[in-house]
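Residue numbers (the working numbering), protein chains in the order written: chain A, 1 to 406; chain B, 1001 to 1373.
Have a look at the structure below before the remarks.
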Amino acid sequence: MVKGVPARTTGVITVSGVLRREEMDLVMNPHDSKALQAAHYLRQAVGGKIIAVSMGPEPKIVPIMQDLYEPNQESRYVPRMPIYGVDENIVLSDRRMAGADTLATAYALSAGVKKIIDIHADAVKNLINMVESGASAAEIERKAEELYRENLIPNKIYSTLSTIGDSAVKLFAEGKITREELLNRLHSALEDVYNFIIIAGMKTSDGETGNTGPQTAEGLGELLGKLIPHVAFVRDFEIFPDERIIVASRRVGNLVQRLRIPLPCLLTIHTEYTPKIPPASYQKKAKRNGYRGQVKKVKVWDADYIGADPSRLGFSGSPTIVGPGMEIGKPPVQKIVGESLVFERDVDEFEWRGGKYGPFKKGDLVQNLPEELVMELREKNIIGVFTLKHLLDELFGGVKLVARAV
Amino acid sequence: MSQGQFSGLSLEELSQYKDVWVYVVVDDGKLTKPSLELIAAGRKIADKIQQRVVAVMIGYQLDNAVKEAFEYGADAVLYADEPWLKSYICLPYTRILVEMVKQYKPYAFLFIADELGRDLSPRVAYRLKTGLATDNIDLEVEDYFFGPTRTTYKNTLAQIRPDFATRIAKIYTPRHRPQIASIRPGNFNPLPRQPGRRGEAIRFTPTPADEDFIIQIIEEEKVPKSPIDLENAQVVISLGLGILRDGEGRPRSPREGYELAEKLATILREKYGLRVEIGATRALIYAELKELEGIVTKDRQVGQTGKTVAPEIYIALGISGAVQHRVGMIRSKNIVAVNLDPKAPIFEIAHYAVKDDLYKILPKIIEYLSGGE
Chain A
1 MVKGVPARTT GVITVSGVLR REEMDLVMNP HDSKALQAAH YLRQAVGGKI
51 IAVSMGPEPK IVPIMQDLYE PNQESRYVPR MPIYGVDENI VLSDRRMAGA
101 DTLATAYALS AGVKKIIDIH ADAVKNLINM VESGASAAEI ERKAEELYRE
151 NLIPNKIYST LSTIGDSAVK LFAEGKITRE ELLNRLHSAL EDVYNFIIIA
201 GMKTSDGETG NTGPQTAEGL GELLGKLIPH VAFVRDFEIF PDERIIVASR
251 RVGNLVQRLR IPLPCLLTIH TEYTPKIPPA SYQKKAKRNG YRGQVKKVKV
301 WDADYIGADP SRLGFSGSPT IVGPGMEIGK PPVQKIVGES LVFERDVDEF
351 EWRGGKYGPF KKGDLVQNLP EELVMELREK NIIGVFTLKH LLDELFGGVK
401 LVARAV
Chain B
1001 MSQGQFSGLS LEELSQYKDV WVYVVVDDGK LTKPSLELIA AGRKIADKIQ
1051 QRVVAVMIGY QLDNAVKEAF EYGADAVLYA DEPWLKSYIC LPYTRILVEM
1101 VKQYKPYAFL FIADELGRDL SPRVAYRLKT GLATDNIDLE VEDYFFGPTR
1151 TTYKNTLAQI RPDFATRIAK IYTPRHRPQI ASIRPGNFNP LPRQPGRRGE
1201 AIRFTPTPAD EDFIIQIIEE EKVPKSPIDL ENAQVVISLG LGILRDGEGR
1251 PRSPREGYEL AEKLATILRE KYGLRVEIGA TRALIYAELK ELEGIVTKDR
1301 QVGQTGKTVA PEIYIALGIS GAVQHRVGMI RSKNIVAVNL DPKAPIFEIA
1351 HYAVKDDLYK ILPKIIEYLS GGE
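Given below as structure tokens:
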């Protein structure tokens, strides 16, 4: 999961506090590069493919996603990374998704991820149905090739790669495995579809909440009818493909926890994460679990396509409302060394040309006094320019006495 | 049109939600300092709406912590105390908190905005389909007028957090309960301890479910505590990228800037008996300068992604004062800013402004403070 965040952070909020995302240049959230590195590690270790999903206005997000195919190239939108790019890109874009808080955003993302899972599951189920209903090897092969071209089934089911001569459908066509064995392998591939791992950055540089990761795990669990565990702020992790588990480290309080998390799961990646290099022995299996390759066109999906309930999207599906912003205020008085005038000693209330002034305390800032009075008081050394010595006496003068008394 | 297309509860339903809950964390049988701050934050809100502060805790062997919660200002404690809940894991903790909320209906539920709170609270909020305002530095209670349905929501929590640009924003969750918010450590002072103060202890007895054990803990190890204690310092001297050049625009070794700051710190510690720490901005730390390697480390970072501090005296040296830095130190009682650039935003919040070269000013300060007896 990646997010487009403002490249600059001024002049893009409306008076009512709403972020005018459509008016900003968006770049990829910098924290997401760690998520991409983690995804890249996983693809090296176990195969599969990396699908990047983002929600946001299509014209702003598509350029970011486009550059995710080649993150090792110079880009305006994505920090340069020494990794191979993602395989597919999906943008969830719909006017009804605008103005979403983290709850509504996580809901949309969960619906998008659910759609991705469904599409891949349907592809395998499609083949399973054909095999079960007795379709000929040629028919099955034709369908498999079509799904393979669409990047929907892994190499081990069907592949045109010369290095993978033993895909299940080919073996079946050559009479080397039975229909039953083909079904077994398809069912295992179907299971793999549900052994997904969702990776997110630990937070975004604009909202800074870090909510969307854990909330998407919760939202997806709701849509799938099965709890999806999550671990936030993962500093280090490793996948063990045979056990289908991840071992991850993270900090809570003053503890480092090492956790064992079964797939499917969601991880958010801490900025201090450095990817591991998977053992070479994983390579062969990873290749078989891999897919055809990159699908270079960014797909744009709307709320209807992902089956999202519009009432749970965008502003109307968001429990939180951002109120008007306030500037962080100035202190009531500021003393500027070399500029401000202050009283050098305590002065009782006094009269001057019919007006009453004071009382003043030593160190009080001279404010709103008639200019001639100020001149008079300066001549008498009752007021003077605020110096570094004044500053230090004010701050530490009292402390000094306390320290001495002890 | 009452609620129309907008999700949420009716005014009648909203009024059934009472009490301010605070999710507190126990370490070695004691409440952590941010937990005590959270009770104080809850107290502020509960007093405004005339409700109770309920400290919520999950763990094992909580007797002492329950007692502490009362003494630090909780009116009631709702707790689950079971051996299988000894360590934090999101799934069982989420499940139990959601069950508690459904049974007792709190008005607000506050969490600490640390790694645990940020792991747990989003999940709890989603399952309850309510709002979550993260990273707040203050809380208020206000009437909120919701334009689209022309409804005034009385006594709504105003959740005040640093905004993404240059400001502070208020977040409201008017139509949903509980209003869930996480609070950054360092923004509330713990209430004075009142030994012997008691309240209602409510033990919650959850039954373990299979889902509680999906994630397993292989091991837990204590992180050695950093010797740098920014949060409890009376004086914080912080360094920014401004230490890289002097008033003539000549490059200076950041090490020189650091050493001047350390010299000042030593005088304040030894002569004045003050607790002093050296802080830094994110920009300086992430510049990963060789000269500062191993000295200006991440545990010195002050700001939105680092520590929030509120010392008696905060001395900002060569810090321009981006909002992300300011939210981490704005509550300091006396802010002294030394910066060459008279337009640096740090001066907008400084009580004392020194618009000068820190390489000229620091030696003078050091001399003056060490010259006195």
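For every residue, glycine included, the Cβ atom is placed at its ideal position computed from N, Cα and C.
**Request:** For F1006(B), return the contacting residues in chain E, with the cut-off set at a CB-CB distance below 7 Å.
**Result:** Checking the listed chains, one finds no chain E in this structure; the protein chains it contains are A and B.
**Message:** Counting only Cβ pairs nearer than 8 Å, list the residues of chain B close to M326(A).
**Reply:** As a working note, residue 326(A) is residue 326 in the first sequence. Near M326(A) (Cβ distances below 8 Å), the residues of chain B are R1167, I1168, A1169, K1170.
**Prompt:** L1116(B) CB to nearest chain A CB: under 8 Å?
**Reply:** Mapped onto the second sequence, residue 1116(B) falls at position 116. At least one chain A Cβ lies under 8 Å of L1116(B).
**Item:** Backbone secondary structure at H230(A) - three-state DSSP
**Value:** Residue mapping note: residue 230(A) aligns to position 230 of the first sequence, counting from 1. Residue state, collapsed to three classes: strand.
**Asked** Residues of chain A with a CB under 8 Å from the CB of G1059(B): which are they?
**Response** In the second sequence, the residue the question calls residue 1059(B) occupies position 59. Result: empty, since nearest Cβ-Cβ is about 11 Å, beyond 8 Å.
**Asked** If we cut at 8 Å on Cβ distances, does F396(A) have a partner in chain B?
**Response** In the first sequence, counting from the first residue as 1, residue 396(A) sits at position 396. F396(A) counts as touching chain B.
**Bounding residues of the beta strand (DSSP E) (the contiguous stretch that carries G355(A))** = Residue 355(A) sits at position 355 when you count from the first residue of the first sequence. Unbroken beta strand (DSSP E) run through G355(A): 355 to 357.
**Prompt:** Helix, strand or coil: which one does DSSP assign to M202(A)?
**Reply:** Within the first sequence, numbered from 1, the residue matching residue 202(A) stands at position 202. Looking at M202(A) - three-state DSSP - the assignment turns out to be coil, as it is neither helix nor strand.
**Message:** For D304(A), would you say it is in contact with chain B, using Cβ-to-Cβ distances shorter than 8 Å as the test?
**Reply:** Reading the first sequence from its first residue, position 304 is the one you call residue 304(A). Judged by the 8 Å Cβ criterion, D304(A) is not in contact with chain B.
**Request:** Might you give, ordered along the chain, the residues of its own chain that have their beta carbon closer than 6 Å to the beta carbon of L92(A), omitting 5 neighbours on each side?
**Result:** Residue 92(A) sits at position 92 when you count from the first residue of the first sequence. The residues are M55, A108, G112, W301.
**Message:** Out of Y1314(B), V1056(B), K1343(B), which one is the CA nearest neighbour of Y1104(B)?
**Reply:** Here residue 1104(B) is taken as the residue at index 104 of the second sequence, counted from 1. Closest by alpha carbon: V1056(B).
**Message:** Measuring straight from C-alpha to C-alpha, what distance separates L1280(B) and L1264(B)?
**Reply:** On the second sequence, position 280 is the one that residue 1280(B) refers to. On the second sequence, position 264 is the one that residue 1264(B) refers to. It is Ala, not Leu, that sits at residue 1280(B) in the sequence shown. Answer to the nearest angstrom: the Cα atoms are 15 Å apart.
**Item:** Inter-residue spacing [alpha-carbon to alpha-carbon] between A1209(B) and L1091(B)
**Value:** One-based indexing of the second sequence puts residue 1209(B) at position 209. One-based indexing of the second sequence puts residue 1091(B) at position 91. Going by the C-alpha atoms only, they are around 10 Å apart.
**Below-8 Å beta-carbon distance, D1119(B) vs any chain A residue** = In the second sequence, the residue the question calls residue 1119(B) occupies position 119. Yes, because at least one Cβ of chain A sits closer than 8 Å to the Cβ of D1119(B).
**Prompt:** If you measure from the beta carbon of A1108(B) to each beta carbon in chain A, is any gap under 8 Å?
**Reply:** Within the second sequence, the letter at position 108 stands for residue 1108(B). It does not: the Cβ of A1108(B) has no partner Cβ on chain A nearer than 8 Å.
**Request:** If I'm right that I1445(B) touches V247(A) with Cβ under 8 Å, what's the distance once you round it to whole angstroms?
**Result:** What is shown of chain B runs 1001 to 1373, which leaves residue 1445(B) out entirely.
**Request:** Kindly indicate if chain A contains any beta-carbon less than 8 Å away from that of E1012(B).
**Result:** Reading the second sequence from its first residue, position 12 is the one you call residue 1012(B). Not one chain A Cβ lies under 8 Å of E1012(B).
**Endpoints, the beta strand (DSSP E) within which N1155(B) is located** = Along the second sequence, one-based indexing puts residue 1155(B) at 155. Segment 1151 to 1162, the beta strand (DSSP E) holding N1155(B).
**Rounded separation between S188(A) and R1127(B) - CA only** = Residue mapping note: residue 188(A) aligns to position 188 of the first sequence, counting from 1. Residue mapping note: residue 1127(B) aligns to position 127 of the second sequence, counting from 1. Distance between the alpha carbons of S188(A) and R1127(B) is about 31 Å.
**Asked** Can you list the residues of chain A that P1092(B) reaches, using a CB-CB cut of under 9 Å?
**Response** For this step, residue 1092(B) is matched to residue 92 along the second sequence. Those within 9 Å of P1092(B) in chain A number zero; the least Cβ separation is about 11 Å.
**Request:** Return no unless some Cβ of chain A is closer than 8 Å to the Cβ of H1351(B).
**Result:** Your numbering for residue 1351(B) matches position 351 in the second sequence. With 8 Å as the cut-off, H1351(B) counts as an interface residue toward chain A.
**Message:** Less than 7 Å between C-beta atoms, sequence neighbours within five positions excluded: which residues of the same chain meet that for V1223(B)?
**Reply:** By 1-based counting over the second sequence, the position of residue 1223(B) is 223. Closer than 7 Å at Cβ, skipping near neighbours: no residue.
**Asked** From the beta carbon of I198(A), is the nearest beta carbon of chain B less than 8 Å away?
**Response** In the first sequence, the residue the question calls residue 198(A) occupies position 198. No, because no Cβ of chain B sits closer than 8 Å to the Cβ of I198(A).
**Message:** On a Cα-Cα basis, can you pick out the residue from L1062(B), L1369(B), I1237(B) that is closest to S989(B)?
**Reply:** Limits of chain B in this structure are 1001 at one end and 1373 at the other, which puts residue 989(B) out of reach.
**Message:** So A200(A) and R185(A) are supposed to be a Cβ contact under 8 Å. How far apart are they, rounded?
**Reply:** Residue numbering aside, residue 200(A) sits at position 200 when the first sequence is read from its first letter. Residue numbering aside, residue 185(A) sits at position 185 when the first sequence is read from its first letter. Their Cβ separation, rounded to whole angstroms, is 32 Å, which puts A200(A) and R185(A) out of contact at 8 Å.
**Close-in-space but distant-in-sequence residues of the same chain around K1383(B) (CB under 6 Å, 5 per side omitted)** = Any answer about residue 1383(B) is impossible in this case: the structure gives chain B only from 1001 up to 1373.
**Request:** Taking only beta-carbon positions, decide if L1125(B) is within less than 8 Å of chain A.
**Result:** For the purposes of this step, residue 1125(B) is taken as the residue at position 125 of the second sequence. According to the sequence shown, residue 1125(B) is Ala rather than Leu. So yes, A1125(B) belongs to the interface.
**Item:** Ordered list of alpha helix (DSSP H) runs contained in the stretch 211 to 280 of chain A, each at least 4 residues
**Value:** 212 to 224
**Request:** Express the C-alpha separation of P82(A) and Q37(A) in angstroms, rounding to a whole number.
**Result:** As a working mapping, residue 37(A) is identified with position 37 in the first sequence. As a working mapping, residue 82(A) is identified with position 82 in the first sequence. If you take the alpha carbons of Q37(A) and P82(A), they lie about 9 Å apart.
**Asked** If we count the other Cβ atoms within 10 Å of its Cβ and call it buried at 16 or more, is D1019(B) buried or exposed?
**Response** Translated into positions along the second sequence, residue 1019(B) becomes position 19. The residue in question, D1019(B), is buried, as its Cβ has 16 or more Cβ neighbours within 10 Å.
**Cα-Cα separation between N1136(B) and Q1194(B), rounded to whole angstroms** = Indexing the second sequence from 1 puts residue 1136(B) at position 136. Indexing the second sequence from 1 puts residue 1194(B) at position 194. Approximately 27 Å, taken between the alpha carbons.
**Item:** Residue span of the alpha helix (DSSP H) that contains K1129(B), given as start and end
**Value:** Looking up residue 1129(B) in the second sequence gives position 129. Counting along the chain, K1129(B) falls outside any alpha helix (DSSP H), and DSSP gives it neither H nor E.
**Message:** Does the CB of L171(A) have a neighbour CB from chain B at under 8 Å?
**Reply:** The count along the first sequence starts at 1 and reaches residue 171(A) at position 171. No, its Cβ sits nowhere closer than 8 Å to a Cβ of chain B.
**Item:** Under the three-state DSSP convention, the category Q1216(B) falls into
**Value:** Against the second sequence, residue 1216(B) aligns to sequence position 216. Three-state DSSP puts Q1216(B) in a strand.
**Asked** Using a C-beta to C-beta distance shorter than 9 Å, which residues of chain B count as neighbours of R258(A)?
**Response** Numbered from its first residue, the first sequence carries residue 258(A) at position 258. In chain order: I1217, I1218, E1219, E1220, E1221.
**Item:** Buried or exposed (CB count within 10 angstroms, at least 16 for buried), D1047(B)
**Value:** Position 47 of the second sequence, counted from the start, is the residue given in the question as residue 1047(B). Exposed, because fewer than 16 other Cβ atoms sit within 10 Å of the Cβ of D1047(B).
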